[in-house]
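Note that the sequence shown covers residues 191 to 531 in this note's numbering.
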Amino acid sequence: MPHFVTSAQGKAHVTSANAAHLTAGLLGNGCYVLPIGQKLACTMTDSNTLRVLFGVASVCGRQWEIEGDYEEVNIDNGVPGYNRTDLLVCRIETAPQETIELKVYKGEETTGTPVVPGHVEGDLNDGDTVCEMPICSVRVNGINPQAPEMLAEESIDIMALLQELEDYKSQTVGTAKLADLAVTSAKLGDGAVTGGKIADLAVATAKLAGLAVTSAKIAAKAVTKDKLGDDVWGWQAVGAIGYNGEFGALYRCGRWAVAEIYCKKTDALAGWGSISAQLPGSVKPAFVARSALTCEDRPDYCCTGRATTDGKLHIENRSSTSWPASSNGFYITGSVVFVVA
Numbered sequence: 191m192p193h194f195v196t197s198a199q200g201k202a203h204v205t206s207a208n209a210a211h212l213t214a215g216l217l218g219n220g221c222y223v224l225p226i227g228q229k230l231a232c233t234m235t236d237s238n239t240l241r242v243l244f245g246v247a248s249v250c251g252r253q254w255e256i257e258g259d260y261e262e263v264n265i266d267n268g269v270p271g272y273n274r275t276d277l278l279v280c281r282i283e284t285a286p287q288e289t290i291e292l293k294v295y296k297g298e299e300t301t302g303t304p305v306v307p308g309h310v311e312g313d314l315n316d317g318d319t320v321c322e323m324p325i326c327s328v329r330v331n332g333i334n335p336q337a338p339e340m341l342a343e344e345s346i347d348i349m350a351l352l353q354e355l356e357d358y359k360s361q362t363v364g365t366a367k368l369a370d371l372a373v374t375s376a377k378l379g380d381g382a383v384t385g386g387k388i389a390d391l392a393v394a395t396a397k398l399a400g401l402a403v404t405s406a407k408i409a410a411k412a413v414t415k416d417k418l419g420d421d422v423w424g425w426q427a428v429g430a431i432g433y434n435g436e437f438g439a440l441y442r443c444g445r446w447a448v449a450e451i452y453c454k455k456t457d458a459l460a461g462w463g464s465i466s467a468q469l470p471g472s473v474k475p476a477f478v479a480r481s482a483l484t485c486e487d488r489p490d491y492c493c494t495g496r497a498t499t500d501g502k503l504h505i506e507n508r509s510s511t512s513w514p515a516s517s518n519g520f521y522i523t524g525s526v527v528f529v530v531a
């Protein structure tokens, strides 16, 4: 039978599932972090404490958030000589009662490349009673946890999308602009452009002999950068790479982007290991791009930067020699240039 949800019935009749169905219909039925606050940004405050900053999220339309400035969860100690990857999720259950918790799945320890643990991918609007939203993963190299890698997918900004549509609409050529019928079938009826007129070489080599555009005129810089303006030379700073920009910054001009890297490395990094960060602005390379980086004051260290098609930037130790932890550390500098997908 139909249920009139938004109605006054003199009794409690609106359930959490009713509210979730509406939110899922507007934002989507998946797991999303909303563009509010710090968007659940994660950081390691010490070797065992993972901090999740304030943010609001939706899981199958069920809204949840971090109350206060942050919430902290524990990460187990690592084992020297072994690597693992832990996964932080938000677990929501709807039966036998509605509950929520932040849960850390400890990864399997290995001497090779660790894998991210699995999680429950349920649909709370299709009969499942459990769904887990991945928030971030933390790789632990030996006893040293690395910077968290964010996994939460950001939802669409509806107001920003509406503004983009409004801007697009203002640029269109509508029926009002064509009302005077500047080009009509009648005007074309006499065959203004015909095969015969094209055949007599209306635009001929002789007519171009005057060379209206010459090398001399080009040499005089008739077309300059200033005249082209920002439409052509519009390099823009997209945003910081990594939490608080500890990797560097991303710049973009049309289909080209430059990841300018200026990263202070104090934590240890195993041989052939890497640290990763998400590129800002949802920018993704069209194909993998790689560039050599400079380890300042560490000429014996071999390092590369790699931008991958999943929208991530990786700083890689390209040798079998581990980089030890140091309170002073050293700076990794350079840039990775790539084509935006």
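Note that beta-carbon positions come from the ideal geometry of N, C-alpha and C, so glycine has one too. Predicted model only: the values in this text are computed from it and were never measured.
Rounding to the nearest angstrom, what Cα-Cα distance links residue i and residue j in this structure?
i           : j           : result
residue 289 : residue 249 : 13 Å
residue 356 : residue 348 : 12 Å
residue 216 : residue 525 : 39 Å
residue 238 : residue 447 : 36 Å
residue 294 : residue 274 : 13 Å
residue 195 : residue 251 : 16 Å
residue 253 : residue 477 : 36 Å
residue 261 : residue 240 : 8 Å
residue 350 : residue 280 : 27 Å
residue 453 : residue 523 : 7 Å
residue 208 : residue 256 : 23 Å
residue 199 : residue 193 : 11 Å
residue 282 : residue 468 : 26 Å
residue 451 : residue 497 : 12 Å
residue 259 : residue 361 : 42 Å
residue 234 : residue 201 : 47 Å
residue 343 : residue 191 : 36 Å
Spell out the partners DSSP gives residue i in its beta bridges.
i           : result
residue 276 : 328
residue 335 : 330
residue 449 : 440 and 526
residue 454 : 521
residue 504 : 466 and 496
residue 491 : Partner(s): none; residue 491 has no beta bridge.
residue 236 : 239
Is it buried or exposed for residue i, if we count other Cβ within 10 angstroms and need 16 for buried?
i           : result
residue 212 : exposed
residue 284 : buried
residue 203 : exposed
residue 442 : buried
residue 336 : buried
residue 358 : exposed
residue 305 : exposed
residue 206 : exposed
residue 276 : buried
residue 197 : exposed
residue 529 : exposed
residue 264 : exposed
residue 352 : exposed
Let me make sure I understand the geometry here. Which of the options has the alpha-carbon closest to that of residue i?
i           : options               : result
residue 325 : 258, 300, 267 and 232 : 232
residue 501 : 439, 494 and 470      : 470
residue 531 : 475, 227, 314 and 495 : 475
residue 302 : 464, 480 and 445      : 464
residue 490 : 513, 499, 503 and 276 : 513
residue 286 : 259, 277 and 317      : 317
residue 438 : 516, 193, 504 and 245 : 504
residue 456 : 519, 271 and 468      : 519
residue 487 : 481, 521 and 473      : 521
residue 332 : 484, 269 and 498      : 269
residue 459 : 218, 271 and 244      : 271
residue 510 : 462, 424, 483 and 214 : 462
residue 445 : 473, 482, 291 and 201 : 473
To the nearest whole angstrom, what separates the beta carbons of residue i and residue j, a pair I think is in contact under 8 Å?
i           : j           : result
residue 345 : residue 222 : 4 Å
residue 246 : residue 224 : 5 Å
residue 508 : residue 493 : 6 Å
residue 440 : residue 432 : 10 Å between Cβ atoms; not a contact.
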